[in-house]
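Quick note, in our numbering, the sequence shown goes up one by one and the last residue is 254. Just below is one structure, and these are the notes that go with it.
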Amino acid sequence: MSDDRPMKRVTDSESQQVHVLTMAHMNGAQRLFGGQLMAWIDEVSAAVARRHAGCHVTTALVDKLEFDKGAFPNDVIVLRGRLNYVGTSSMEVSVKTYREALSGESTLINSARLIMVALDENGRPCRVPGLILETDEEKAVWERGQARAEARKQRLREERERAQRENP
């Protein structure tokens, strides 16, 4: 991405959170409560977005939330967040959650993708820094994020047009 905005690297905003699961984190089936994990994902996503934007942020959309495997009491889970794509005021953040075995081996248990929006002191969307893409992987992730952003914008346009036709 090339424009007149300040620029930051993907690695500048990466964030990680670690938890040892206790009974307070479990649901009735003695598995990690999905709502608790969703709260942690939102926190990690906000940390990534705040580090990049340098201001307050809000969650605009949970674009993807896939529960792949469970986690249980005494498991260590690690949430890792990073930027995929930035628009003018919005940022697409991916958060992957892993269960870490005593051996150190990690197993992916959840993948999430959130859209965060930067807010100025009046709570209005504000411009965020651009993103420096340093690796082929970062460039590929950016391109997929850009395509998703365009698809979301198109869906929103279509929904607005449909609403105008249905409610003239």
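Ideal placement from N, C-alpha and C gives every residue a C-beta, glycine not left out. Keep in mind it's a predicted model, so treat the numbers as computed, not measured.
**Which residues DSSP lists as bridging Q103, in chain order** = Note: Q103 sits in a beta bridge opposite L165.
**Item:** Same chain, Cβ closer than 7 Å to R243, five either side skipped, listed in chain order
**Value:** Correct list: empty, nothing qualifies.
**Prompt:** Can the beta-carbon of V164 be found less than 9 Å from the beta-carbon of Q103?
**Reply:** Yes.
**Message:** Between which residues of its own chain and I127 is the CB-CB distance below 6 Å, once the five residues before and five after are set aside?
**Reply:** Answer for I127: V181 and A198, listed in chain order.
**Message:** Under 8 Å: do the region 226-246 and the region 99-118 share three or more Cβ pairs, one atom per stretch?
**Reply:** With a cut-off of 8 Å, the region 99-118 and the region 226-246 do not count as touching, because too few Cβ pairs lie within range.
**Item:** Span separating the alpha-carbon of C212 from that of G140
**Value:** Looking at the backbone, the Cα of C212 and that of G140 are separated by about 11 Å.
**Prompt:** What number of angstroms, rounded off, separates the C-alpha of R210 from the C-alpha of A204?
**Reply:** As the crow flies, the alpha-carbon of R210 is around 8 Å from that of A204.
**Request:** Name, in chain order, the residues that DSSP records as bridge partners for R185.
**Result:** R185 pairs with I163 and T193.
**Asked** Which one of S131, D161 and V214 has the shortest CA to CA distance from L188?
**Response** Among S131, D161 and V214, the Cα nearest to that of L188 belongs to D161.
**Prompt:** Mind checking whether S101 and R185 have CB atoms under 9 Å apart?
**Reply:** Annotated as distal: S101 and R185, with beta-carbon spacing of 9 Å or more.
**Request:** Figure out for me which residue from P159, E152 and S175 has the closest Cα to the Cα of R136.
**Result:** Residue S175 is the option with its Cα nearest to R136.
**Asked** Among all the DSSP beta bridges, which residues are the ones paired with V179?
**Response** Paired residues: L169 and L200.
**Asked** For F158, which option in D149, M177, V148 and G120 has the closest C-alpha, if you only look at C-alpha atoms?
**Response** Of the listed residues, the one whose Cα sits closest to F158 is G120.
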